[in-house]
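Residue numbering for the sequence shown follows this note's numbering, beginning at 3 and increasing consecutively. C-beta atoms are modelled at their ideal positions from N, C-alpha and C, and glycine is treated no differently. First up is the structure itself, then whatever we jot down about it.
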Amino acid sequence: MIIPILTDKSTRLMEMRQYTFQVSPKMRKPDLRRYLEQRFQVKVLAVRKSRPNRMIVRLAESIDLLAYASEKSN
Numbered sequence: 003m004i005i006p007i008l009t010d011k012s013t014r015l016m017e018m019r020q021y022t023f024q025v026s027p028k029m030r031k032p033d034l035r036r037y038l039e040q041r042f043q044v045k046v047l048a049v050r051k052s053r054p055n056r057m058i059v060r061l062a063e064s065i066d067l068l069a070y071a072s073e074k075s076n
């Protein structure tokens, strides 16, 4: 389970190409890195855990998370 988090803070982080995701408790940083690189064809520069079940990912280029979020909800 990987769900983008869209809050005021996460939106400000997007301007710096940092994206916040809610992830399953069993997901590790390398798993999220691999998923995002395959799904969006982007280079992941860093992954850090912000709190339980949330990770912040820094990318080399921007992605359209809003399109991804609406795709996941359908």
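* **Under 8 Å between C-beta atoms of N24 and R60** => Sequence inspection shows Gln at residue 24; the Asn mentioned does not correspond to that position. Taking 8 Å as the Cβ cut-off, Q24 and R60 do not qualify as a contacting pair.
* **Neighbour-count burial assignment, L38, 16 or more Cβ in a 10 Å radius** => buried
* Closest to K28 by CA distance: which of R56, I65, A62 is it? -> R56
* Asked: Which of helix, strand or coil does DSSP assign to R19?
  -> coil
* Enumerate in chain order the residues of its own chain whose CB-to-CB distance from M49 is below 7 Å, with the five nearest sequence positions on each side excluded. => It should be pointed out that residue 49 corresponds to Val in this sequence rather than to Met. Correct list, in chain order: K31, L34, R35, M57, V59.
* To do: Check each candidate in T9, I7, A62 and name the one with the smallest Cα separation from Q43.
  => A62
* To do: Check the DSSP bridge columns for M57 and list the partner residues they point to.
  => F23, K51
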